[in-house]
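Under UniProt numbering, the very last position in the sequence shown is 389; numbers go up by exactly one each time.
Where a beta carbon is used, it is the ideal one built from N, C-alpha and C, also for glycine.
Report on one structure; see the data block that follows.
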Amino acid sequence: MTTDISITPFTLEVPETQLAVLRARLRETIWPEPSDGADWSSGMPVAYGKRLARRWVEGFDWRAQEHRLNAIPQFTTVIDGHAVHFFHRPSPREDATPLLLLHGWPGSSTEFAGVMDELAEPPDPTSPAFHVIAPTIPGFGVSGPTTGWGPQRAAEAFCDLVRRLGYTEVVVHGYDLGAIIARRMGLLEGTPVALLHLTALFGSQGPTPETIDHDDPEESAALAASMRYAYELSGYALVQSARPQSVAYFGADSSASLLAWIIERFRDWSAADENPEEAIDVDEMLTTVSIYALFGTLGSSARYYQEGGEEWVAEQPASSVPTAVCRMPDDISTMVRRFAERNNRIVRWTTLESGGHFGLWEEPEMVVADLRRAVAAHHHPGRRTARVR
C-alpha cells in the first residue's frame with residue numbers, strides 16, 4: 001500500500017545528450033527497399049518515412065514543445081508503487097466540474113494540451129468549465145516503463161489520483177485504452193466517476209453480419225469498420241498481445257522503426273485520406289513519438305494488450321454509470337447503440353460529422369462541444385467538489 005501521497009511539481013526537460021543520441025540514430029538509419037507502389041497498403045512508405053525522419057532531425061523543435069507543455073502545470077505522485085505523471089489545470093470558476101482525460105495507445109496525455117485551457121476557462125461564462133486532470137497511463141511516456149499493469153490496476157490508480165487531488169466526483173473522457181480504463185473506474189466500489197464521455201466503447205457485443213440491421217446505415221457502417229479492422233488493421237494488436245517484448249526491442253534500438261510503428265497507426269486510424277498530417281499536426285505527432293523514444297515506453301505500453309487483452313473484446317460486467325457516447329465516423333471501430341445498451345447505461349448517443357480514432361486530438365472543437373452538452377444535461381453532482389492545487 002502506498003504511504004507517500006505527496007504530489008511533486010514536474011518540469012519536462014530532456015537532457016541534450018539524449019536528444020543528440022536520438023538524432024544520431026535517425027541519421028544512421030538503414031532504410032529498407034520500398035514496397036511496390038507508394039501508398040500505405042504495406043505500411044509506411046519509405047519515401048514518406050525519410051521525409052518525416054528528416055523533419056524530426058532538422059525541422060522539429062523539441063525544446064519548443066517542452067515549453068508549450070510546461071506552460072500547463074504538471075506533477076508526479078506515487079500510486080501503487082509507481083510514479084504517475086499528470087497534468088492538472090484547475091479552473092478559476094467555483095462551479096467547475098472535475099474532468100479526467102484518458103489517452104489510448106499509441107497516445108500520450110500531451111495530446112490533450114491544446115484543449116486544457118479552453119476546457120478550464122471557456123470564453124462563454126455560461127458554458128461548463130472543468131478542473132482538468134490528464135494523467136499519463138503507467139507504462140506510457142513520462143510515467144515511464146513498468147510491468148504488471150493492465151486496465152484494472154490503472155483504473156484503481158486513477159480513482160486514487162482523483163481523490164488525492166481532493167475531488168469527490170469526476171467526469172471521465174476517454175478513447176481506446178483510456179475508454180476501457182474509464183469504464184473500469186466506474187465499476188469500482190465507491191467510484192468517484194459520475195459520468196462517462198467516451199468516443200469508444202469496448203466490452204459490448206460487436207457487429208457481425210448475423211446480428212446487425214443491414215437496413216440501418218449506422219449499423220452497416222459499424223460492421224464495415226469492424227471487418228476492415230479485423231482483416232486489414234489488426235496485425236499490430238496480435239503482435240503486441242502475444243509478444244510485446246519483441247516490440248520493445250525495436251522501440252528501444254531503432255528510432256526509425258518506432259516512427260513507422262506509431263505513425264502508421266496515426267494514419268490508419270485517423271480521418272486522413274493520404275498522409276496522417278491531414279488529420280493531426282505533424283509536430284504534435286512527432287512530440288508523441290519523441291516521448292516514446294526518449295522515455296523508452298513502446299514495449300511497456302504494448303504490454304497492456306497482453307495484460308488486459310480480454311478487456312478489448314470480452315463482454316464486460318454491466319455498468320450503472322451514466323454514459324455519453326460520442327461516435328467518430330472514421331474511427332477504426334464504431335459502436336452499435338442497441339448492443340451497447342445491454343450492459344451500459346447510455347444517456348446520450350451522438351455521431352459527429354467528421355473525425356477518427358483520436359477524436360479530441362483531431363476534432364477538438366466538436367468533441368469539446370459534445371462533452372459540454374453531455375455534462376450540462378447529465379451531470380448532477382451529488383455534493384460539492386473540492387478544488388485544490
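Own chain partners of residue i with C-beta closer than 8 Å, once the 5 adjacent residues on each side are dropped
i: Ala221; result: Pro329 and Thr334
i: Val57; result: Arg23, Leu26 and Arg27
i: Thr77; result: Ile5, Ser6, Ile7, Thr8, Ala83, Val84, Phe86, Leu161 and Arg164
i: Ser257; result: Phe250 and Gly251
i: Thr11; result: Asn70 and Gln74
i: Ala260; result: Gly43, Met44 and Gly49
i: Val368; result: Val115, Glu118, Leu119 and Leu360
i: Gln306; result: Gln240, Ser241, Ala242 and Pro244
i: Leu201; result: Ala179, Arg183, Thr323, Val325, Met335, Ala340 and Asn344
i: Ala386; result: Caution is warranted here: a pLDDT of 38 is assigned to Ala386, below 50, making its placement in the model unreliable, and no coordinate value can be reported.
Cβ neighbours of residue i in the same chain (closer than 7 Å, five flanking residues each side left out)
i: Ile280; result: Phe266, Ser270, Phe358, Trp361 and Glu362
i: Thr287; result: Gln65 and Thr110
i: Ala293; result: Leu22, Ser255 and Leu258
i: Ser226; result: Gly206, Pro207 and Ser333
i: Gly296; result: Pro145 and Ala252
i: His379; result: Thr97, Val171, Ala194 and Leu195
i: Phe158; result: Leu100, Pro135, Ile181 and Met185
i: Leu187; result: Pro317 and Ser319
Heavy atom of the ligand SAM within 7 Å of residue i beta-carbon
i: Phe130; result: The model depicted lacks the ligand SAM and carries no ligand whatsoever.
One or two residues paired with residue i in a DSSP bridge
i: Leu99; result: Val132 and Val171
i: His85; result: Thr76
i: Arg228; result: Answer by DSSP bridge pairing: none, since Arg228 is not bridged.
i: Cys326; result: Thr350
i: Phe10; result: Gln74
i: Leu195; result: Val171
i: Arg345; result: Pro322
Beta-carbon proximity list for residue i, same chain, < 6 Å, skipping 5 on both sides
i: Asp213; result: Glu219
i: Ile291; result: Ser108 and Gly141
i: Ala242; result: none
i: Ser35; result: Ser42
i: Arg303; result: Pro244
i: Pro73; result: His88
i: Val336; result: Pro207, Glu219 and Ala222
i: Phe112; result: Leu101 and Ala134
i: Asp331; result: Gly356 and His357
C-alpha distance - residue i paired with residue j, whole-angstrom precision
i: Pro322; j: Arg54; result: 47 Å
i: Thr147; j: Gly139; result: 7 Å
i: Gly235; j: Ser319; result: 30 Å
i: Trp149; j: Thr17; result: 30 Å
i: Glu13; j: Trp40; result: 35 Å
i: Ala237; j: Leu298; result: 13 Å
i: Ser300; j: Leu19; result: 21 Å
i: Asp215; j: Pro364; result: 32 Å
i: Gly355; j: Pro207; result: 20 Å
i: Arg51; j: Ile181; result: 36 Å
i: Asp117; j: Asp370; result: 17 Å
i: Ala129; j: Pro151; result: 28 Å
i: Glu121; j: Pro32; result: 48 Å
i: Met185; j: Arg153; result: 10 Å
i: Ala47; j: Glu284; result: 21 Å
i: Pro90; j: Pro209; result: 47 Å
i: Arg68; j: Ala179; result: 26 Å
i: Ala155; j: Ile346; result: 20 Å
i: Arg372; j: Asp124; result: 12 Å
i: Glu94; j: Ala324; result: 24 Å
i: Asp61; j: Glu278; result: 20 Å
Neighbour-count burial assignment, residue i, 16 or more Cβ in a 10 Å radius
i: Arg183; result: buried
i: Gly59; result: exposed
i: Pro192; result: buried
i: Gln245; result: exposed
i: Glu169; result: buried
i: Ile263; result: buried
i: Arg63; result: exposed
i: Ile199; result: First, the amino acid is wrong: residue 199 is Thr here, not Ile. Classification of Thr199: buried, given that the 10 Å Cβ count is 16 or more.
i: Ile30; result: exposed
i: residue 468; result: Since the first and last residues shown for the chain are 1 and 389, residue 468 lies out of range.
i: Ala224; result: exposed
i: Ala230; result: exposed
i: Glu274; result: exposed
i: Asp268; result: buried
i: Pro92; result: exposed
i: Gly377; result: Looking at the sequence itself, residue 377 is Ala, so the reference to Gly does not match. Counting Cβ neighbours within 10 Å, Ala377 comes out exposed, since fewer than 16 surround it.
i: Gly190; result: exposed
i: Ala38; result: exposed
Any chain D beta carbon closer than 8 Å to residue i
i: Gly355; result: Here there is only one protein chain, and chain D is not present.
Review point. Counting pairs of beta carbons, one from the region 87 to 104 and one from the region 171 to 191, are three or more of them closer than 8 Å?
Key: The region 87 to 104, when compared against the region 171 to 191, does touch it at the 8 Å Cβ threshold.
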